[in-house]
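See below for the structure under consideration.
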Amino acid sequence: MENFEKVKKNIKWIVIVVVIVACYIFLALFINNKDNVNSNKYLLIGNYLIWHESKGKWYQKTAVDADVTNHKYILYNGANKYDADTLQFLSNKWHFFDKDYNSIPTDDFKFAYTGMNDVKPTDYEIQTYDSGDDDVIKEVAKVYDNNSLNNYRGTLLKVSLDFDGDGVIETIYRFTNFKLDIMDYEVKAYLVLVRNNRVVNVINSSDGDVFEIMDVIDLDSDGKDEIIIGKDVVDVPTFYSCYQIYKIESNELQLYQDCLFEK
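Listed below in C-alpha cells is the structure:
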C-alpha cells in the first residue's frame with residue numbers, strides 16, 4: 305500500500321511537470337506567432353515583392369492575402385505621393401484606389417507601405433552600358449576579346465549615387481554572361497562597387513544565379529540607402545524570387561539581409 309501511494313505521488317508530479325512544460329511551449333509559440341501576426345508593417349516594391357516586417361527583419365510573402373490587402377497604404381508613383389484606401393492585385397499588377405474608389409495612377413509605381421514612418425523614394429536612374437565601362441568588365445571578369453565583352457556589355461546595368469551619405473558618389477554595377485539559350489559554358493554574375501573610378505569590391509555569384517538591381521531605398525530612415533537585389537531573377541521577377549538587402553559600409557557591399565520567406 306505504501307509503495308502504491310508513492311507511485312501515485314510520483315505520477316502526480318510527473319503530470320504536473322509535463323503540464324507546465326506544455327504550457328510553456330504553447331505560450332512561447334503563441335507569443336512568437338502573435339508578434340508575427342500583429343506586425344502591420346508591409347512594404348510593396350513594384351509588382352513582384354511583398355515584404356512583411358517582424359522583429360527587425362523583412363519576410364517575403366509568396367501570395368497576396370487578406371493580411372496584405374486589409375490596410376490603407378501610402379504609395380509613390382514616380383515622385384508623386386498618394387493615399388490609397390484599398391488595393392487589389394489583378395493580372396500580375398497592383399491597383400490602388402482612393403477613399404472615393406477612384407483609381408490612382410501606377411504608370412511609374414515605385415512602392416507602397418503601411419504601418420511605417422514616412423518612406424521617401426530615392427532619386428536615382430538605372431543606366432546601361434557605355435564604352436567607359438569596358439575597363440570595369442575587363443578587371444572584374446578577366447575577359448578581353450570582343451565576343452566575351454559583348455556578352456557582359458548587353459547585361460550591364462549600373463546606379464551612381466551617394467549611397468552611404470559620405471559625400472562621395474559610388475557606382476554599383478551588375479553584369480553577367482548569362483543568356484537565354486542553350487548554355488555550354490559556366491555562368492558568371494557580378495555585383496561590383498566602384499568608388500573614385502576604382503573597383504573596390506566585387507561579389508561573385510557562387511551558384512550561377514544572376515543579380516538584378518530591383519530598387520534603392522532608405523528602409524530604416526537613417527540617411528543611408530539600402531540596395532535591393534534580386535538574386536535569381538532570370539527573366540521576370542516573381543513572388544518566389546530571392547530578394548536581398550545590401551548596404552555600403554567601409555567601402556564594401558555588405559549583405560544586410562538574405563532572402564527570408566514568411567512561413
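Okay, so the sequence shown: first residue is 305 according to this note's numbering, each after it adds one.
Glycine residues also receive a C-beta, built at the ideal position from the N, C-alpha and C atoms.
Just so we're clear, the structure is a prediction, and the values are computed from it rather than from any experiment.
{"Check": "If you run the structure through DSSP and keep just helix, strand and coil, what is Thr-480?", "Outcome": "strand"}
{"Check": "Determine the closest residue to Val-444 out of Phe-413, Val-503, Leu-460 and Pro-409, with distance taken between C-alpha atoms.", "Outcome": "Val-503"}
{"Check": "Measure the alpha-carbon distance for Glu-516 versus Asp-524 and round it to whole angstroms.", "Outcome": "22 Å"}
{"Check": "CB-CB under 6 Å to Leu-347, same chain, minus the five flanking residues each way: which ones, in chain order?", "Outcome": "Trp-355 and Tyr-417"}
{"Check": "Assuming contact is defined by CB atoms lying nearer than 7 Å, are Ile-521 and Leu-557 in contact in what I supplied?", "Outcome": "no"}
{"Check": "What first and last residue would you give for the alpha helix (DSSP H) that runs through Asn-454?", "Outcome": "450-457"}
{"Check": "Once you ignore the five residues that flank Leu-353 on each side, which residues in its own chain have a CB closer than 6 Å to its CB?", "Outcome": "Tyr-547"}
{"Check": "Below 8 Å, can you find three or more Cβ-Cβ pairs linking the segment 394-411 to the segment 421-431?", "Outcome": "no"}
{"Check": "With distances taken from CA atoms, which of Asn-384, Tyr-386 and Ile-476 is nearest Tyr-550?", "Outcome": "Ile-476"}
{"Check": "Would you decide whether Thr-459 is buried or exposed? Buried here means 16 or more other CB atoms lie within 10 Å of its CB.", "Outcome": "buried"}
{"Check": "Apart from the five residues on each side of it in sequence, which residues of its chain come closer than 6 Å, Cβ to Cβ, to Lys-365?", "Outcome": "Ile-354, His-356 and Glu-566"}
{"Check": "Please report how far the alpha carbon of Trp-533 lies from the alpha carbon of Val-496, in whole angstroms.", "Outcome": "The sequence shown places Ile at residue 533, rather than the Trp named in the question. So the alpha carbons of these two residues sit roughly 12 Å apart."}
{"Check": "By a C-beta neighbour count over all protein chains shown, 10 Å radius and 16 as the cutoff for buried, is Asn-454 buried or exposed?", "Outcome": "exposed"}
{"Check": "Does the distance from the CB of Lys-492 to the CB of Asp-513 come in under 7 Å?", "Outcome": "no"}
{"Check": "Any heavy atom of the ligand ZN closer than 6 Å to the Cβ of Asp-427?", "Outcome": "For the ligand ZN, the structure offers nothing, since it holds no ligand at all."}
{"Check": "Can you list, in chain order, the residues of its chain whose CB lies under 6 Å from that of Lys-414, leaving out five sequence neighbours each side?", "Outcome": "Tyr-380 and Pro-425"}
{"Check": "I'd like the list of long-range same chain contacts for Ile-349, defined as Cβ closer than 6 Å, with 5 residues on each side in sequence excluded.", "Outcome": "Phe-415 and Asp-519"}
{"Check": "Within its chain, find whatever has a CB closer than 6 Å to the CB of His-399; leave out the 5 residues flanking it on each side and keep chain order.", "Outcome": "Gln-392"}
{"Check": "Just to confirm the assignment, what range does the alpha helix (DSSP H) spanning Glu-612 have?", "Outcome": "The shown model of the chain, from 305 to 567, leaves out residue 612, and the question about it has no answer."}
{"Check": "Can you name the start and end residues of the alpha helix (DSSP H) that Ile-441 belongs to?", "Outcome": "438-445"}
{"Check": "In terms of DSSP beta bridges, what is Ser-464 paired with?", "Outcome": "Thr-475"}
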